[in-house]
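Each residue of the sequence shown is one higher than the last, beginning at 80 in the numbering used here. All C-beta atoms, glycine included, are put in the ideal place defined by N, C-alpha and C. To start, the structure itself, in structure tokens.
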Amino acid sequence: MKNQPPATLLNRTQEHIHLAETFGAHNYHPLPIVIERGQRVWVWDVEGKKYMDCLSAYSALNQGHCHPRLVAVAKQQVEKLTLTSRAFHNDRMGSFLQELAQLCRMEMVLPMNSGAEAVETAIKAARKWGYTKKGVEADKAEIIVFENNFHGRTTTIVGFSSEPQYRAGFGPFTPGFRIVPYGDLEAVRTAVGPNTVGVLVEPIQGEAGVVVPPEGFLRALRELCTAERVLLIADEIQTGLGRTGRLFCCEYEDVQPDMYIVGKALGGGFYPVSAVVAGQEILGVFQPGDHGSTFGGNPFACALAQEALRIIVEEKLSERAQEMGAYFMSRLREISSPHVREVRGKGLLIGVELKAESGPARPFCEKLMEKGLLCKETHQQVIRFAPPLVIEREEIDWAISRVQEVLA
Ligand SMILES: *Cc1c(COP(=O)(O)O)cnc(C)c1O
């Protein structure tokens, strides 16, 4: 191996980072910390230093690190049964799907693993619904998406991204998508045609920098979709399951979409679990053999996801996110800083946008890390604060005093 420094000169952190960078593809640019343990909102690095996790694995850890109820379920299930494939039934899937469908006030669920797979599933469902139910001519279906969307990293999904870096070098892309400005109802109205089968929307654009659409946008989209017989597909992979202060962010506008896409916190931070949740009219388009996944709906995933959902409901994590989020945001707004342009968000999905002249957000995140607060910049200028929903008021105070020092 070339360029390998002698191991004795490296501390444990550097040793781990060196191995990751030598043998791992460089598709991420992580902060230089190596985590070895986590509990609730706290993590510990390999040097024993403690940090508060204000990213929650992009909202996959709403229940907090290593929730004891999930640890117990994982241990029980791992000793009993982990995988059957969908060639056979398993005893954990049915009741999980029932609970998820009922929480979503929907009829059916199609379980997958990663978020991107669930988005792909929703695209396939919408297209097939368009051809078989709406009468769209073969291979003409169109789905409307929004500028600055983030729906995952498959080739189809990055093909309808407006972010040059997500696309560059990965074409050719799947046709059938139209991109319109986020929050612009008239642009959607203009883009809708006889071949439109769906509108795919994030109720808040998380990766774009916690962008909240104008009030009434989702409700107006719902009305437009209903009038035009177009499916409203809500990607609540990041905003759902309590994060924004409601179980689903769509609830703020009393909107029931035609399809929910969920993931991230559905696996409780233990395991990738995602799903599309919709009516029988839509998910009923899939016939045996049309679509599938070796690990989708496996008993280990279902046992964990069922418990992950129960924790969100029983520990009232949506209500907590609303209360703690309002407190966190008001404390952030009190900070007097020459760098802050705007503080925005809902519940515990909060973005602090820095002024252009303050430079990129990354150095601020590095300083926060040195003070024991783990945050990640999104889109250069925004620091996202999204701690586990189990965070306590005193812990927010602890975070705020660090943020104050760094932003002052
Ligand atoms: C994270 C995310 C995805 C993709 O999920 P993966 O599990 O990373 O594939 C899709 N949509 C939104 C809104 C997300 O935040």
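The C-alpha of Gly285 is placed about 17 Å away from the C-alpha of Glu330. About 16 Å separates the CB atoms of Asn377 and Thr200; that is not less than 8 Å, and the two are not in contact.
Residue nearest to Val215 within the set Glu186, Val276, Ile222, Val237 is Val276 (criterion: CA-CA distance).
Counting C-beta atoms within 10 angstroms of its own C-beta, Leu411 has 16 or more neighbours from the protein chains shown and is therefore classed as buried. Less than 7 Å separates the beta-carbon of Lys219 from that of Asn274. Residues of the same chain with a CB within less than 7 Å of the CB of Val309, apart from the 5 flanking positions on each side, are Val271, Thr275, Val276, Gly277, Val278 in chain order.
In the structure shown, Val352 falls within a coil segment according to DSSP collapsed to helix, strand and coil.
Counting the other CB atoms within 10 Å of its CB gives Gln155 a total below 16, which places it among the exposed residues. Contact between Arg420 and Leu428 fails: their C-beta atoms lie close to 18 Å from each other, not under 8 Å. Distance from the CA of Pro293 to the CA of Gly262, rounded to the nearest whole angstrom, comes to 6 Å.
For Ile316, the Cβ falls inside the 6 Å cut-off from some heavy atom of ligand 1. Taken atom to atom, the span from the alpha-carbon of Glu307 to that of Arg472 is near 46 Å. Distances from the CB of Ser193 to the heavy atoms of ligand 1 include at least one below 6 Å. Beta-bridge partners of Gly277 (DSSP): Ile222, Leu310. Only residues of its own chain outside the window of five on either side were considered, and among them Leu297, Ala313, Glu315, Thr318, Cys328, Cys329 have a CB closer than 7 Å to the CB of Pro282, listed in chain order.
When DSSP assignments are scanned along the stretch 184-268, the uninterrupted stretches of alpha helix (DSSP H) that are 4 or more residues long and fall wholly within it turn out to be 194-208, 234-238, 243-246. Taking the Cα positions, Val482 is about 20 Å away from Asp124. Excluding five sequence positions before and after Glu115, the CB atoms of its chain that fall closer than 7 Å to its own CB belong to Trp123, Asp124, Val125, given in chain order. By the Cβ neighbour-count rule, Tyr339 is buried, with 16 or more other Cβ atoms within 10 Å of its own. Counting along the chain, the unbroken beta strand (DSSP E) around Tyr130 starts and ends at 129-132. For Tyr339, the pairing in a beta bridge is given by DSSP as Ala313, Val356.
Per DSSP, reduced to three states, the secondary structure at Glu394 is coil, with no helix or strand assignment. Rounded to whole angstroms, the gap between the alpha carbons of Thr235 and Trp208 is 19 Å. For Glu456, the CB stays at least 6 Å from every heavy atom of ligand 1.
Comparing alpha carbon positions, the residue from Gly348, Arg441, His418, Ala405 closest to Gly426 is Ala405.
In the DSSP assignment, the residues bridged to Lys425 are Leu428.
Inter-segment contact for the stretch 177-189 and the stretch 359-378 is present: three or more beta-carbon pairs are separated by less than 8 Å.
For Lys450, there is no enclosing alpha helix (DSSP H), since its DSSP letter is neither H nor E. DSSP, reduced to helix, strand and coil, places Thr101 within a helical segment of the structure shown.
With the rule of 3 Cβ pairs closer than 8 Å, the stretch 446-461 does not count as touching the stretch 341-351.
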